[in-house]
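Below: the structure, in structure tokens.
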Amino acid sequence: MLSTVSAGTSLKDGGTRRVRSPGRTASPRSGRPRLPVPRPLAEAEEIVPTAPPVRNKMAHQIACYVVHNMRCYGHVPGLVLLLRRFPRSVGQALVLYWLLRRTDAWNSAVHHAIQFGSSRRPRFLRARREPYDPNKQYVVAHHPHGILLCSWFNWLGREEGPSPTDPSDCGFSTRVKALDGLPVNLCFAPAVQFMALHGEMYRDKVTDASASTLRSILRRTRDGPVKESVAICPGGFSEAVYTGFSDKHEVAFLEGRKGFLKIAIEEGVDIITTYTFGAADMYKTSDWLRHERAVWSQKTGVPLVMWSGRYGTNLPHFEDTVTVCFDPFPASQYSPEDLALAHEDYCRHLKTCFDAYKGCCATSRSKELVIIGKSTRPPKDVAQPSKL
Numbered sequence: 017m018l019s020t021v022s023a024g025t026s027l028k029d030g031g032t033r034r035v036r037s038p039g040r041t042a043s044p045r046s047g048r049p050r051l052p053v054p055r056p057l058a059e060a061e062e063i064v065p066t067a068p069p070v071r072n073k074m075a076h077q078i079a080c081y082v083v084h085n086m087r088c089y090g091h092v093p094g095l096v097l098l099l100r101r102f103p104r105s106v107g108q109a110l111v112l113y114w115l116l117r118r119t120d121a122w123n124s125a126v127h128h129a130i131q132f133g134s135s136r137r138p139r140f141l142r143a144r145r146e147p148y149d150p151n152k153q154y155v156v157a158h159h160p161h162g163i164l165l166c167s168w169f170n171w172l173g174r175e176e177g178p179s180p181t182d183p184s185d186c187g188f189s190t191r192v193k194a195l196d197g198l199p200v201n202l203c204f205a206p207a208v209q210f211m212a213l214h215g216e217m218y219r220d221k222v223t224d225a226s227a228s229t230l231r232s233i234l235r236r237t238r239d240g241p242v243k244e245s246v247a248i249c250p251g252g253f254s255e256a257v258y259t260g261f262s263d264k265h266e267v268a269f270l271e272g273r274k275g276f277l278k279i280a281i282e283e284g285v286d287i288i289t290t291y292t293f294g295a296a297d298m299y300k301t302s303d304w305l306r307h308e309r310a311v312w313s314q315k316t317g318v319p320l321v322m323w324s325g326r327y328g329t330n331l332p333h334f335e336d337t338v339t340v341c342f343d344p345f346p347a348s349q350y351s352p353e354d355l356a357l358a359h360e361d362y363c364r365h366l367k368t369c370f371d372a373y374k375g376c377c378a379t380s381r382s383k384e385l386v387i388i389g390k391s392t393r394p395p396k397d398v399a400q401p402s403k404l
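Shown next, in the form of structure tokens:
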């Protein structure tokens, strides 16, 4: 279900927006591929998930707490204590749970429970000018990482549920409606496929983000009847460490991170950029040695971040996020020798997209996106310590 955001439309978070329509493409310097210019915010299509409306608000609030708590590992401490106290019984229960996870009936039931317990407040916009080509493959790059890519969990939970009438339609395992029905594999941390709720919902469409895995998926399905794309989060856990660090800046931990561009260029595919405005404001994190922890997260692949939500729980402080899908970055038009140039252009493209749409979310409209990395910190004068 789609609705068009008209010029001057009042936003739920206050204010109105009027956007002057720019040209279709930017004018690049000689020899560079032409970068797409984002569709005006006033012309963006809002995608309304088809999850049933909430009828019992109290039951919905309880379900939201359970879903947020489990997807953010909130159940793990209690599980560890039970395992120490009743090792045999809990061990048997875990074996039974693992067996149930291998069945469609269990996965579908959990997915529907996630759908009921997912907040209806996050919004989703299409900013691409033309539908994504189903006969092409893409690398879908999501920014920022936030805490466990909350926006995509919300979308896949609310919209990509299994069909109650078509057994072959397993929801996300079949397609992604937000991306015009593209079949997409989530290439995230390897542990995601074993996590409660995540594993049931993503099923066989979640794997690791190694270069060999990305290339294998793209090459295996390139000549098949269904061409599959891959979704990644280039900022990784380093970006997650910067969740909630400032009310004036957001960061993209992309300096020196060229691997996803290298793969896209060599495999001849373009990159669909998606951005969730407000994701960096969902949780509070500690400012202690923040950049050092971000760098170590990059080296070790371990998320060195602790977060807190409302009342010290895993419920987000802010949920009125807006996820936007933009036109593809033309990575296929660069040669391998132009990798550095492609990286520079992609960072410029990402900032252009951010500036064009930051007004859609109350917490991001006054922010600036900065590119940081191992040797580049965000501006010190705006970094505000956030205490847990």
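Numbering (the numbering used here) for the sequence shown: 17 to 404. Backbone N, C-alpha and C define an ideal beta-carbon position, used for all residues, glycine too.
- For R139, the enclosing beta strand (DSSP E) starts and ends at 139-142.
- Nearest C-alpha to Q314 among A256, K193, L95: A256.
- Taken in chain order, the unbroken stretches of beta strand (DSSP E) that lie wholly in the segment 319-402 and span 3 residues or more are 338-345, 384-388.
- The beta strand (DSSP E) runs lying completely inside the segment 199-269 and spanning 3 residues or more are 200-204, 222-224, 245-248, 265-269, given in chain order.
- With contacts defined by Cβ atoms closer than 8 Å, D224 and P199 do not form a contacting pair.
- Y154 sits in a strand when the DSSP states are folded into three classes.
- Beta-bridge pairing by DSSP links D286 to Y154.
- The segment 45-89 is shown to contain whole beta strand (DSSP E) runs of 3 or more residues at 61-63, in chain order.
- By the CB criterion at 8 Å, Y291 and F169 fall outside the cutoff.
- Residue state for T316 is assigned as helix, using DSSP reduced to three classes.
- By a beta-carbon distance limit of 8 Å, E282 contacts P352. Their separation comes to about 6 Å.
- By the criterion of a C-beta distance shorter than 8 Å, N201 is surrounded in its chain by K221, V222, T223, I233, E244, S245, V246, A247, once the five residues flanking it on both sides are discounted.
- Spatial neighbours of R142 in its own chain (CB-CB distance under 7 Å, excluding positions within 5 residues in sequence) are listed in chain order as A60, E61, I63, C341.
- The straight-line gap separating the alpha-carbon atoms of Q131 and R117 is approximately 17 Å.
- In the structure shown, F293 falls within a strand segment according to DSSP collapsed to helix, strand and coil.
- For V338, the closest C-alpha among the options I388, L195, Y373 is that of Y373.
- By the C-beta criterion, the segment 255-274 is judged to be in contact with the segment 147-164, since at least 3 inter-stretch pairs fall below 8 Å.
- Residues G294, D297, F334 of the same chain have their beta carbon placed closer than 7 Å to that of T379, with the five preceding and five following residues left out of the count.
- In terms of Cβ geometry, I288 and L195 form a close pair [threshold 8 Å].
- For the pair L355 and V53, the Cα-to-Cα distance works out to about 21 Å.
- In this structure, A212 sits near M86, with a CB-CB distance shorter than 8 Å.
- Taking every protein chain shown into account, the CB of L110 has fewer than 16 other CB atoms within 10 angstroms, so this residue is exposed.
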